[in-house]
Amino acid sequence: MAQAEPLLSLKGIVKTFSGVKALDGIDLSVSPGECVGLCGENGAGKSTLMKIVSGVYPHGTWDGEIRWDGAPLKASSVRDTERAGIVIIHQELMLVPELSVAENIFLGNEITLPGGRMNYAAMHQRADELLRGLGIEGINVAQPVMNFGGGHQQLIEIAKALNKQARLLILDEPSSSLTATETRILLDIVRDLKRRGVACIYISHKLDEVQAVCDTVTVIRDGRHVETAPLAAMPPARIVALMVGREITHLFPREPHEIGEVVLQARNVTCFDVTNPRRKRVDDISFEVRRGEILGVAGLVGSGRTELMQAIFGAYPGTSRATVVMEGKTIRVRAPGDAIRAGIGMAPEDRKAHGIVPDLGVGQNITLAVLQRFVKRGSIDAAAELDTIHKAMKQLSVRAAHPLLPIAHLSGGNQQKAVLTRVLLTEPKVLILDEPTRGVDVGAKFEIYKLIFGLAKQGMAIVVVSSELPEVLGLADRVLVIGEGELRGDFVNDGLTQEAILKAAIEPAHRAAAAHPNETASV
Amino acid sequence: MTPDISSAPARERAATAGADRIRQWFARYKILALLLAVALIWLFFTVLTHGAFATPRNLSNLLRQMAISGMLACGMVFVIIAGEIDLSVGSLLGLLGGVAAILDANHRWPIEATIPMVLALGVLAGLFNGWLSTYRRVPSFIVGLGGMLAYRGVLLGITGGSTIAPVSDRIVFLGQGYLPRLAGDALALLLFAVLAFVTARQRSNRRRYDLPVPPLWQDGMKIVGAGVILVAFVAILNSYGGIPVPVLLVLVLLGIFTWVATQTVFGRRIYSVGSNLEATRLSGVDTNRVKLAIFALMGLMCAFAGIVNTARLAAGSPSAGTMGELDAIAACFIGGTSMRGGSGTVYGALIGALVMASLDNGMSMLDVDAYWQMIAKGAILVLAVWIDVVSRTNRR
Chain U
1 MAQAEPLLSL KGIVKTFSGV KALDGIDLSV SPGECVGLCG ENGAGKSTLM
51 KIVSGVYPHG TWDGEIRWDG APLKASSVRD TERAGIVIIH QELMLVPELS
101 VAENIFLGNE ITLPGGRMNY AAMHQRADEL LRGLGIEGIN VAQPVMNFGG
151 GHQQLIEIAK ALNKQARLLI LDEPSSSLTA TETRILLDIV RDLKRRGVAC
201 IYISHKLDEV QAVCDTVTVI RDGRHVETAP LAAMPPARIV ALMVGREITH
251 LFPREPHEIG EVVLQARNVT CFDVTNPRRK RVDDISFEVR RGEILGVAGL
301 VGSGRTELMQ AIFGAYPGTS RATVVMEGKT IRVRAPGDAI RAGIGMAPED
351 RKAHGIVPDL GVGQNITLAV LQRFVKRGSI DAAAELDTIH KAMKQLSVRA
401 AHPLLPIAHL SGGNQQKAVL TRVLLTEPKV LILDEPTRGV DVGAKFEIYK
451 LIFGLAKQGM AIVVVSSELP EVLGLADRVL VIGEGELRGD FVNDGLTQEA
501 ILKAAIEPAH RAAAAHPNET ASV
Chain B
1001 MTPDISSAPA RERAATAGAD RIRQWFARYK ILALLLAVAL IWLFFTVLTH
1051 GAFATPRNLS NLLRQMAISG MLACGMVFVI IAGEIDLSVG SLLGLLGGVA
1101 AILDANHRWP IEATIPMVLA LGVLAGLFNG WLSTYRRVPS FIVGLGGMLA
1151 YRGVLLGITG GSTIAPVSDR IVFLGQGYLP RLAGDALALL LFAVLAFVTA
1201 RQRSNRRRYD LPVPPLWQDG MKIVGAGVIL VAFVAILNSY GGIPVPVLLV
1251 LVLLGIFTWV ATQTVFGRRI YSVGSNLEAT RLSGVDTNRV KLAIFALMGL
1301 MCAFAGIVNT ARLAAGSPSA GTMGELDAIA ACFIGGTSMR GGSGTVYGAL
1351 IGALVMASLD NGMSMLDVDA YWQMIAKGAI LVLAVWIDVV SRTNRR
């Protein structure tokens, strides 16, 4: 391998978002023909870092130094970095589905004839060459991109990057929408690119892929650089330990609570992708929750956790199958209303899109699900409604100037508490909380945790879905681990570690079971 | 802070603060601003017509004109608050009015059968529109566009393209009749009493639950102002024949629709569906059914407006209600209904309808060319929404 001067080197990168340091002194370097694996938990700062490298955050909005090809790089936009030869392939594909393969590859760099007409002949020929160079046959470049599957689309993205004369290719979770076979082809292509002298940064949660193509691994955590070492010195277990490596703080006002009989059983939950119905987002998962139990659900973003909960609650937008049994009785859940009537409550993951009704007042948001209760002679009894609102707001300490204030004016924490209040007013027996503390400040976080323990003590069954492993470990009695739509583990939270959860989430079940038979109890 | 006139930045700051104050004033007292706009328009036309505009006869006429688009606006405001649109209402108004004329003039149906029949047809047509745009997921814009053509086509087909006349006197009464004067006075008194009672109860409720209570003078002014307007309204109309029946109908609808919007579960759901459909669905509300009901109500309003329109013309015309949808939609937007859905008021929409009708009436009196009328109405619509957008921006 070429051990000359690195192609790209970052030194002491610091990026602050309104006073909060998202990145705090990151170093990273890549040489031609080298592939660096970048690993870190959700929210560790990987995406922010790559946005700095690719010019999404222009020079001057961050501190530190980037050297490219021996000279300082001061990009003011993505165009600048692309011209230099840095191309990023995002997790979500950035293709225009209606345009042809060739049109997509040349989007923004069209080959034109005099007068601005498209030179289709030249573009088709060049697109064909590029794809064949990647070892892919049988793609008609004149066909619209939407006629091809996710795997081919990913390859078309790579062809597009190569057409821009990429010298550094950044792949952000490139295999998240690929099948195993498609992933193998992708990895072959990355190896081939390395041979051609292209530098790569490979961001992935899937450590087997990192093992397969990377030469060096860099781990970042909480916006800081943790370690960079050759792959040989970085076995998966070490990477996971470095990724987590943080103490759980005593943020959790744990209270003893009694666990009773089974309340909710979800059997054989399967969800199909909305746009690609052949792909399973959730693959035949079954689990149960008991009275007074706090069940943590962990898994990486996109693993199918949210879809699993949506399917149980009747809110999954695509096709799904599930058998839901509440207190021994099978219930039919076709819409969220059915689930609510059966005693299931859910606070959704995306507060802004699915939680708050921005134009209504805080109080009206709170009573949204139980409005029917206040009807007297055809109209809403305003006094009874306000009474309930007042009591509920006091109980959950939702702080607002007055209950008629539009909820959009409140802080994230108070909005979240209002949404929780709305769900609790339906008096659920099972409460599903999807990312209950996302975008919430520490004070409100603590209040929400206290509420969760209080409810469990009263005998409510609570399911907490969270990306933050410390939160899962701090709250849960039992932890389910979801990975790539499968149930990867069902652990009792007794001496359970973040490493064990992460390992189960990242490694396919059979392999994990073989390597650590006593840690992973397959269900 | 003491204003320093000598320094330019301070002056600039003062200027922006002034602009902000005006903006806030507009946002808070939108209805007052709208009423002010109506008053200005009326003053403008009164001066230009040397007083002819402000005669009781013309104002009575103006209100009757406004009643029909007002009925459509009542239904439309719910549709728009829920985040949808219905472009078929003008044609549907024409069709249902035509059906009423045919049943009455050609088939000699009694009014007791004609009206329920037409109202039922209106609800059915609305349900059909709603079913297509919710359960079948055809965007409501397209459903409306299709309906606009198709309903007009049906109307032309069943009337053979000619006017259906004469309709019976009892139908004509609905469009051209007047209330006895005594009934007018009683109505004004009743309205005033209801307004005073509602305001008083709202104050006591708000005080009981620690909500911000508007200062007493403000509510007092509101009641007194409403009283003055009511007295003037009844006095003017009584001096020309009495309150026209269509105007009474629209007042009743205003009451019912305001009650539905502010006091009922259905009303609350209209707003929440329009503000955030997904959050409402996740709260267990059957959002499709809410939307279906809104479209059905819109159909019912088309039936009302169609009957009254036929009655006013004393005939069923194949061109009745042409462009009626645009007047109704414009009325809602002038009246402050949000384009994104989620906010708006019924009375705002009716004042919007009054603005549009006043422009129509005044310009016709001035013998302004039809093309100028269209240009002026279009410009006023855009101007009104622009003011609304500007006054909204600093609230978020």
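Residue numbers (the working numbering), protein chains in the order written: chain U, 1 to 523; chain B, 1001 to 1396. The beta-carbon is built from N, C-alpha and C at its ideal position, and this holds for glycine as well. A quick note: this is a predicted structure, and the numbers were derived from the prediction, not measured.
Could you check if residue i is buried or exposed, using at least 16 other CB atoms within 10 Å of its CB as the buried criterion?
i: residue 193 of chain U; result: buried
i: residue 1201 of chain B; result: exposed
i: residue 504 of chain U; result: buried
i: residue 354 of chain U; result: buried
i: residue 454 of chain U; result: exposed
i: residue 1151 of chain B; result: buried
i: residue 106 of chain U; result: buried
i: residue 243 of chain U; result: buried
i: residue 414 of chain U; result: buried
i: residue 1391 of chain B; result: buried
i: residue 248 of chain U; result: Because the pLDDT at residue 248 of chain U is just 43, under 50, the model does not fix this residue reliably, and the point stays unresolved.
i: residue 1077 of chain B; result: buried
i: residue 50 of chain U; result: buried
i: residue 190 of chain U; result: buried
i: residue 313 of chain U; result: buried
i: residue 428 of chain U; result: buried
For residue i, which residues in chain B fall below 7 Å Cβ to Cβ?
i: residue 58 of chain U; result: Near residue 58 of chain U there are no residues of chain B at all, since even the closest Cβ is about 27 Å away, more than 7 Å.
i: residue 378 of chain U; result: 1264
i: residue 375 of chain U; result: 1265
i: residue 475 of chain U; result: Here the premise fails: no neighbours, minimum Cβ distance about 23 Å.
i: residue 364 of chain U; result: 1268
i: residue 360 of chain U; result: 1271, 1272 and 1275
i: residue 369 of chain U; result: 1283 and 1284
i: residue 315 of chain U; result: 1282
With DSSP as the reference, please indicate the residues paired to residue i in a beta bridge.
i: residue 9 of chain U; result: U/29 and U/67
i: residue 288 of chain U; result: U/265
i: residue 271 of chain U; result: U/282 and U/320
i: residue 200 of chain U; result: U/35 and U/169
i: residue 431 of chain U; result: U/345 and U/462
i: residue 87 of chain U; result: U/169
Taking Cβ-Cβ distances shorter than 7 Å, what residues in chain U pair up with residue i?
i: residue 1279 of chain B; result: 354, 355, 356 and 357
i: residue 1347 of chain B; result: The contacting residues do not exist; residue 1347 of chain B stays about 18 Å from chain U at best.
i: residue 1178 of chain B; result: Correct list: empty, because the minimum Cβ distance to chain U is about 32 Å.
i: residue 1175 of chain B; result: Those within 7 Å of residue 1175 of chain B in chain U number zero; the least Cβ separation is about 31 Å.
Report the neighbours of residue i on chain B: residues whose CB is nearer than 9 Å to its CB, in chain order.
i: residue 346 of chain U; result: 1282
Using a Cβ cut-off of 8 Å, pull out every chain B residue sitting near residue i, in sequence order please.
i: residue 372 of chain U; result: 1265
i: residue 422 of chain U; result: 1283
At 9 Å on the CB atoms, spell out the chain U contacts of residue i, in chain order.
i: residue 955 of chain B; result: The structure shown does not extend to residue 955 of chain B, since chain B is modelled only from 1001 through 1396, so no value can be given for it.
**Request:** Tell me, please, whether the stretch 1086-1100 of chain B touches the stretch 1318-1328 of chain B by the rule of three or more beta-carbon pairs shorter than 8 Å.
**Result:** yes
**Item:** chain U contacts made by the stretch 1237-1257 of chain B, where a contact means CB separation under 7 Å
**Value:** none
**Prompt:** Would you say the stretch 1049-1066 of chain B touches the stretch 1290-1298 of chain B, given that touching needs at least three Cβ pairs under 8 Å?
**Reply:** no
**Asked** Can we say the stretch 1072-1086 of chain B touches the stretch 1272-1279 of chain B, given the rule of at least three CB pairs closer than 8 Å?
**Response** yes
**Prompt:** Using a beta-carbon distance cut-off of less than 8 Å, what residues from the stretch 1281-1304 of chain B approach chain U?
**Reply:** 1281, 1282, 1283, 1284, 1285 and 1286
**Asked** Taking contact to mean at least 3 C-beta pairs separated by less than 8 Å, is the stretch 429-436 of chain U in contact with the stretch 232-241 of chain U?
**Response** no
**Request:** Could you tell me whether the stretch 1337-1351 of chain B touches the stretch 1238-1247 of chain B, using the rule of 3 or more Cβ pairs below 8 Å?
**Result:** no
**Request:** Quick one: which residues of the stretch 426-446 of chain U get their C-beta closer than 9 Å to a C-beta of chain B? List them in chain order.
**Result:** 426
**Asked** Taking contact to mean at least 3 C-beta pairs separated by less than 8 Å, is the stretch 81-88 of chain U in contact with the stretch 164-175 of chain U?
**Response** yes
**Request:** Please determine if the stretch 1302-1322 of chain B and the stretch 408-424 of chain U are in contact, where contact requires at least 3 C-beta pairs separated by less than 8 Å.
**Result:** no
**Prompt:** Which residues, taken in chain order from the stretch 379-391 of chain U, show a beta carbon closer than 9 Å to some beta carbon of chain B?
**Reply:** 379, 380, 382, 383, 386, 387, 389 and 390
**Request:** Indicate whether the contact test is met: 3 or more Cβ pairs, each with one atom in the stretch 396-416 of chain U and one in the stretch 1251-1258 of chain B, closer than 8 Å.
**Result:** no
**Message:** I'd like to know if the stretch 1091-1107 of chain B and the stretch 1354-1362 of chain B are in contact, where contact means that at least 3 CB-CB pairs between them fall below 8 Å.
**Reply:** no
**Request:** Compile a chain-ordered list of the residues in the stretch 393-405 of chain U whose CB is closer than 9 Å to at least one CB of chain A.
**Result:** The chain inventory of the structure shown lacks chain A, comprising the protein chains U and B.
**Request:** Residues of the stretch 326-343 of chain U with a CB closer than 9 Å to any CB of chain B: list them in chain order, please.
**Result:** 335, 336, 337, 338, 339, 340 and 341
**Request:** Anything in the stretch 288-309 of chain U with a Cβ closer than 9 Å to a Cβ of chain B? List those residues in chain order, please.
**Result:** none
**Item:** Three CB pairs or more closer than 8 Å across the stretch 50-63 of chain U and the stretch 131-142 of chain U
**Value:** no
**Asked** Which of the residues in the stretch 1194-1207 of chain B, read from start to end, lie with their CB under 8 Å from any CB of chain U?
**Response** 1205
**Request:** Evaluate contact between the stretch 276-292 of chain U and the stretch 252-264 of chain U, counting only Cβ atoms and requiring at least three cross-stretch pairs below 8 Å.
**Result:** yes
**Message:** Please identify, using Cβ separations under 8 Å, the residues of the stretch 1335-1346 of chain B that lie next to chain U, in order along the chain.
**Reply:** 1338, 1342 and 1343
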